[in-house]
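Comments concern the structure below.
Residue numbers (the numbering used here): 42 to 861.
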């Protein structure tokens, strides 16, 4: 996705500077990285500030015309869920961020840009069954609140949650919000909104207005953020976070609408975000229909309630209903229901249907949807690709290994902690960059970058040792750079001789690694990175100002070794190479594209998804958000993470190196991540619905530095004991973290996990509404004996004997095992 005329440096690109705080983290990244980002105030009890998956998925409908009012419960012991209540924000509106072509004068971001009123609704609008009062775009009308600590009064009542339509200007924005109750008590939580200049939100527009009134043809959006409220107390107000005023280069949180969800008395469920998908259930291969189940009542849902979610739709039958056996008031669970088309129903048939929650002898909740039955072939269009999503294996894998290996592994040089070593060739061109002087002093002015190619020999490459190391590290997938920005391919590409078979190692490195992985570690998923542009490709150098390769000291032209010029870069080079990787026997289960820019990704990805679907045993595939088009399965922050839960799938990557993906020979061992830092990062990312893609940089000879091997194996040892709290888990819908030291994960219907990033004392006190009740058992992973526990007010207190504390390291994980 290209939000700017130039292509930003990025993975295995470059993000300059350090980041601190949610707004800084968002603004430091290319805007595409901030999609769905919701931040939390450091040290605060971070509440469930969530962007629903459907809202944050690429190209969602702005309003759901197919949504029908949920039907009343049909017997048993189920209460009716009260209708959500929109809260007027008109008296607090202080910013005009929506213009029309005929009515100018607004200024959303402090720079004169605005949303287009022609593209947005006005008045009552319904998003995933929740009604909002969206403000007017009339000339001069204020239509959003810039969050500066305003206290928003609520109709007095008991609520499960507050749902906001919100957006950030100049990056995603977030801060600490306070909920006030009638008894004078408060709860603290995080509230934020995604960068409006990131595609895929609750409401979207195809363009924005520039200060001069012309259109910037790039999607802008407003997201849905949810704030958990304590349903046991009467809420009276919410104090918004204090962010920045709307100014250039300052991240500000804008709130357009607010709706509160009242609690139902007794047992009650509601269904949200229900939709058919193109994903399959691993157990049966049936098509997956997904829905979010919300406990909207005051009673904990237990196994005895026998709740099961199914689908009622002409033309298909439910073959795998989804049970929900444990859900506390206010909690949410995402479920997957398996359906199969009946005989004669063609894949892609659209049909009215219902998602139904049954339990206690009656219907607990139901919601209507237009469903797509079966998985039709993908077409090369944004609409068709938008039906794709990250497969379930990717959600459950949590931990992967990134491998940056190429010609840049020969010089293997950068200022430690300041530059990406894999950007050596690009940095050579800048006379003010230290790499320029280093290269001249080390190799001489006449030594071209391509002179490193014969030195990239991979003579000690042992693919079996690599994949067994990844397995021992506890990783579930690996991602190898097939071609970085230098344009040197690690496979036998027929498009160019600039590859590892024709020169350098004289081996198909991808094939050797993938063959070893299939043979020795078949449980690992195999994936490939691919740079969409090349810095110095003569036919289309990256950016208009990057000339074909020249000597950076004399400016004389140098060859682009192995390349035959005269091609259409996108059609005859980029697209063909991607298709070689997809259809040439490598069979990657994930494509990790980079940079974006000019592309043929609609056609390539349609072929990728269709090719994967036609395998004898279908394995679902995924693509990230850097293929140059709005569609993606997951977002990719690098060398940073999100501060709170992001429901739209994401993956954070970084190197073991303090700031490089490729091997940097200058980095001393004590500068690499410690095992504790790796484990802390993994736990933090997983608790917020992310995956952690940890990068290693092998040497040019194919050996992996010993310090990297040590760190990976030590991480694997921690995962052997604690992996059940990581793999196949999901986020807690109420909050991601409590203070600096506690994180939470959930194994649906089975257990709740508390991760302590600091060694606990004799008692661990968790001041949060932990889902625990009489008969539940508490243990610490790695310690065999059950632990004693008690609840005191709103806190869970666990007794932690010294023997238990000594068995743990890095992160101490406590398991609340729910009774059947």
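Glycine included, C-beta positions come from ideal geometry on N, C-alpha and C.
Going straight from the alpha carbon of residue 792 to that of residue 459, what length do you get?
So the two alpha carbons sit approximately 42 Å from each other.
Residue from 410, 522 and 393 with nearest C-alpha to residue 446:
Proximity to residue 446 across 410, 522 and 393 peaks at 522, based on C-alpha coordinates.
Using 10 angstroms around the beta-carbon of residue 596, count the other beta-carbons present and answer buried if the total reaches 16, otherwise exposed.
It counts as exposed.
Can you give the beta carbon distance from residue 189 to residue 283, rounded, assuming they're within the 8 Å contact cut?
Right, the Cβ-Cβ distance comes to about 6 Å (below 8 Å), so this counts as a contact.
Reduced DSSP category for residue 544 - H, G, I as helix; E, B as strand; rest coil
Coil, per DSSP.
Is the region 310–326 close to the region 356–374, with three or more CB pairs under 8 Å?
Yes: at least three Cβ pairs fall under 8 Å.
Once you ignore the five residues that flank residue 346 on each side, which residues in its own chain have a CB closer than 6 Å to its CB?
So the list reads 400 and 401, once near-sequence residues are dropped.
With distances taken from CA atoms, which of 139, 144 and 341 is nearest residue 261?
Here the closest residue by C-alpha is 139.
Taking residue 617 as the reference, give the member of 648, 600, 633 and 594 with the closest Cα.
Nearest to residue 617 by alpha-carbon distance, out of 648, 600, 633 and 594, is 648.
With burial defined as no fewer than 16 other Cβ atoms inside 10 Å of the residue's Cβ, what is the status of residue 308: buried or exposed?
The residue in question, residue 308, is buried, as its Cβ has 16 or more Cβ neighbours within 10 Å.
Member of 454, 625, 339 and 398 whose CA lies at the smallest distance from the CA of residue 740:
For the residues 454, 625, 339 and 398, the minimum Cα distance to residue 740 belongs to 454.
Run through DSSP, which three-state label would residue 256 get?
DSSP places residue 256 in strand when its eight states are reduced to three.
Name the one or two DSSP bridge partners that residue 303 has.
Note: residue 303 sits in a beta bridge opposite 200.
Contact check, residue 234 vs residue 264 under 8 Å by CB: the rounded distance?
Contact between residue 234 and residue 264 is confirmed by a C-beta separation of about 6 Å, below the 8 Å threshold.
Should residue 501 go down as buried or exposed, given a rule of 16 or more other Cβ atoms within 10 Å for buried?
For residue 501, the number of other beta carbons within 10 angstroms of its own is below 16, and it is reported as exposed.
Excluding the 5 residues preceding and the 5 following residue 435 in the sequence, name in chain order all residues of the same chain whose CB lies nearer than 6 Å to its CB.
Cβ within range, chain order: 663.
Compute the Euclidean distance between the alpha carbons of residue 289 and residue 134, then round it to the nearest angstrom.
The alpha-carbon separation between residue 289 and residue 134 amounts to approximately 20 Å.
Write down the C-beta distance between residue 526 and residue 565 rounded to the nearest angstrom, noting that I regard them as a contact closer than 8 Å.
The pair is not a contact, with the Cβ atoms about 26 Å apart (cut-off 8 Å).
Would you call the region 141–152 and the region 173–184 in contact, with 3 or more CB pairs under 8 Å?
Cβ pair count under 8 Å is three or more, so yes.
What residues in its chain sit with their C-beta under 6 Å from that of residue 388, if we drop five residues either side in the sequence?
Closer than 6 Å at the Cβ level, and outside the excluded window around residue 388, lie 415, 416 and 417.
What does the Cβ neighbour count give for residue 136, buried or exposed, with the cut at 16 atoms within 10 Å?
Looking at its Cβ environment, which holds 16 or more other Cβ atoms inside 10 Å, residue 136 is buried.
Minimum C-alpha distance to residue 733 - residue among 311, 694 and 354
For the options 311, 694 and 354, the alpha carbon positioned closest to that of residue 733 is the one of 694.
What's the call for residue 84, buried or exposed, on a 16-neighbour Cβ count within 10 Å?
Interpretation of residue 84 is limited by its pLDDT of 27, a score under 50 that renders its predicted location unreliable; the figure taken from the coordinates is listed afterwards. Burial call: exposed.
Residue ranges of each alpha helix (DSSP H) within the region 701–733, 4 or longer:
Runs found: 716–728.
State buried or exposed for residue 328, treating a residue as buried only when at least 16 other CB atoms are found within 10 Å of its CB.
Residue burial annotation: residue 328 is buried, with at least 16 other C-beta atoms found within 10 angstroms of its C-beta.
Straight-line gap, residue 828 to residue 774 (C-alpha atoms, nearest Å)
Roughly 25 Å between the two C-alpha positions.
How far does the beta strand (DSSP E) with residue 173 in it extend, from its first residue to its last?
Residue 173 -> beta strand (DSSP E) spans 171–175.
Nearest-angstrom Cα separation, counted from residue 856 out to residue 849:
Note on geometry: alpha-carbon atoms of residue 849 and residue 856 lie some 13 Å from one another.
In the DSSP output, what is residue 276 paired with across the bridge?
For residue 276, which the question treats as bridged, DSSP gives the partners 198 and 222.
Name the two residues that bound the continuous alpha helix (DSSP H) containing residue 821.
Residue range 818–821 is occupied by the beta strand (DSSP E) that includes residue 821, with no alpha helix (DSSP H) assigned at that position.
Just the Cα atoms here: how many angstroms apart are residue 699 and residue 783?
Their backbone Cα atoms lie some 25 Å apart in a straight line.
Taking C-alpha atoms, which residue in 336, 141 and 274 lies nearest to residue 251?
In terms of CA proximity to residue 251, 141 leads the group 336, 141 and 274.
Just curious, the alpha helix (DSSP H) that residue 858 is in, first and last residue?
For residue 858, there is no enclosing alpha helix (DSSP H); the residue is part of the beta strand (DSSP E) that begins and ends at 853–858.
So the candidates are 778, 561 and 217; which of them puts its Cα closest to the Cα of residue 513?
Sorting 778, 561 and 217 by C-alpha distance to the C-alpha of residue 513 places 561 at the top.
Cβ-Cβ separation, residue 629 to residue 568 (assumed contact under 8 Å), whole Å
5 Å between Cβ atoms; contact.
Nearest to residue 696 by CA position, among 392, 685 and 708, is which residue?
Looking at the Cα atoms, 708 is the closest of the given residues.
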